[in-house]
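Under this note's numbering, the first residue of the sequence shown carries the number 221, and numbering increases by one thereafter.
Note that CB positions come from ideal geometry on N, CA and C, so glycine has one too.
To keep things clear, I will list the structure first and then write my remarks on it.
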Amino acid sequence: MFKEDDVVPNAITIIVSLISGLVMLIVFAVNQRLAKRTKSSSLNSAAKDNLSDSLVSIGTAIGLIFTQIGFPIVDIILATLLGLLIVLYWFWYF
221 MFKEDDVVPN AITIIVSLIS GLVMLIVFAV NQRLAKRTKS SSLNSAAKDN LSDSLVSIGT
281 AIGLIFTQIG FPIVDIILAT LLGLLIVLYW FWYF
């Protein structure tokens, strides 16, 4: 499945993914607080979407880290779990 000449992710990719995940986590917290304060179901849905985005970005970074240190199977497992998470969130929203 993986060959020696497979591309290994660059550190900048991991850093950007982590920063993206952390920023989206902050956006989630802000939207969640505003949703509770205003009792807005729209903001609550947006906050859940922000949380999903954050988890995907952080999960991607973790998978890339494992790929970089020589365990690409972890990236495949995380990608599968994150895909399932996205589907479950879809059911959670609707």
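Check, Outcome
"Euclidean distance between Cα positions of L305 and S274", "12 angstroms"
"C-alpha gap between L263 and V307, whole angstroms", "20 angstroms"
"Per-residue burial, I278 [other beta carbons within 10 Å of its own, 16 or more giving buried]", "buried"
"DSSP-derived helix/strand/coil call for S272", "helix"
"Residues near W312 in its chain [Cβ-Cβ closer than 8 angstroms; skip 5 each side]", "K268"
"Close-in-space but distant-in-sequence residues of the same chain around S322 (CB under 8 angstroms, 5 per side omitted)", "Outside the shown range of the chain (221 to 314) lies residue 322, about which nothing can therefore be said."
"Environment of F248 [buried if 16+ CB atoms lie within 10 Å]", "buried"
"I285 versus I234: straight-line alpha-carbon distance, rounded", "7 angstroms"
"For I289, three-class secondary structure by DSSP", "coil"
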